[in-house]
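Colleague:
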Amino acid sequence: MSDDNDSGGIIGTIISVLILAAIWPYLLALLGIYIANMVVLAMLTWIAENWILTISFIAGILAIYCIFKYKLISKAWKYVFAKAQPNAIEVRLNDLPGSTERKFIPSTNLYCYWCTKKLGIKAWEKDSKYYCQSCQEKLQKPNVPSHSR
Ligand SMILES: [Zn+2]
170 MSDDNDSGGI IGTIISVLIL AAIWPYLLAL LGIYIANMVV LAMLTWIAEN WILTISFIAG
230 ILAIYCIFKY KLISKAWKYV FAKAQPNAIE VRLNDLPGST ERKFIPSTNL YCYWCTKKLG
290 IKAWEKDSKY YCQSCQEKLQ KPNVPSHSR
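Quick note, the numbering used here runs 169 ahead of the 1-based positions in the sequence shown.
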């Protein structure tokens, strides 16, 4: 008789442990919901009491977020530099004689007009003739009066 009682007690214990194992996530979730509810209520009461501080804090966070998100500082610097740069470039281009009529050709299937070398990435065009980088430099030398002046 005592054996039957023991085995029944063991089975009851196992069943109760299994039920506990099955429902513990729900118990934990209920506890979590309760704690979250308490935290939200506490936050709401704090915000209601210190709403000016809260609004200024949120505005500060939003301002920092906007600065980082849209890179306002770098954009402001780029704007300043873009305003400062074009004048310097214009002066330089006008200083070089004939440099505006030569344009850079990003083509690879052409040959140099002077040395008949196959043109690579660096090719130049003048009067619808194509030159390599070195011949372009030779061409440009007579135009630049560096020794005469
Ligand atoms: Zn050449």
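Even glycine gets a Cβ: it sits at the ideal position worked out from N, Cα and C.
Note that the structure is a prediction, hence the values are computed from the model and not measured.
Can we count K287 as close to ligand 1, meaning its CB is less than 7 Å from some heavy atom?
Modeller: No.
Colleague: Could you please give me the residues that DSSP links to K244 through a beta bridge?
Modeller: K244 is not bridged to any residue.
Colleague: How long is the line joining the alpha carbons of A232 and K240, rounded to whole angstroms?
Modeller: If you take the alpha carbons of A232 and K240, they lie about 11 Å apart.
Colleague: Below 8 Å between beta carbons: does that hold for Y299 and L288?
Modeller: The answer is yes: Cβ separation under 8 Å.
Colleague: Is C235 near ligand 1, judged by its Cβ being under 7 Å from some heavy atom?
Modeller: Outside the cutoff, so no.
Colleague: Residue range of the beta strand (DSSP E) that C301 falls in?
Modeller: Run containing C301: 298 to 301, per the beta strand (DSSP E) assignment.
Colleague: Which two residues bound the contiguous beta strand (DSSP E) that contains K295?
Modeller: K295 -> beta strand (DSSP E) spans 292 to 295.
Colleague: Beta carbon of W283: closer than 7 Å to some heavy atom of ligand 1?
Modeller: Yes, ligand 1 has a heavy atom inside 7 Å of this Cβ.
Colleague: So the alpha helix (DSSP H) Y280 belongs to, where does it begin and stop?
Modeller: Note, Y280: premise wrong, no alpha helix (DSSP H); not H, not E.
Colleague: By alpha-carbon positions, which one of Y282, Q302, S297, W193 ends up nearest to I290?
Modeller: The residue with the shortest Cα to Cα distance from I290 is Q302.
Colleague: How big is the Cα-Cα spacing for L213 and L197?
Modeller: Each residue's Cα considered, the two are about 24 Å apart.
Colleague: Excluding the five sequence neighbours on either side, which residues of its own chain have a C-beta within less than 8 Å of the C-beta of E218, listed in chain order?
Modeller: The answer is none, since no qualifying residue turns up.
Colleague: Count the other CB atoms within 10 Å of the CB of C235; is the residue buried (16 or more) or exposed (fewer)?
Modeller: That one is exposed.
Colleague: Just the Cα atoms here: how many angstroms apart are G181 and Y195?
Modeller: Answer to the nearest angstrom: the Cα atoms are 22 Å apart.
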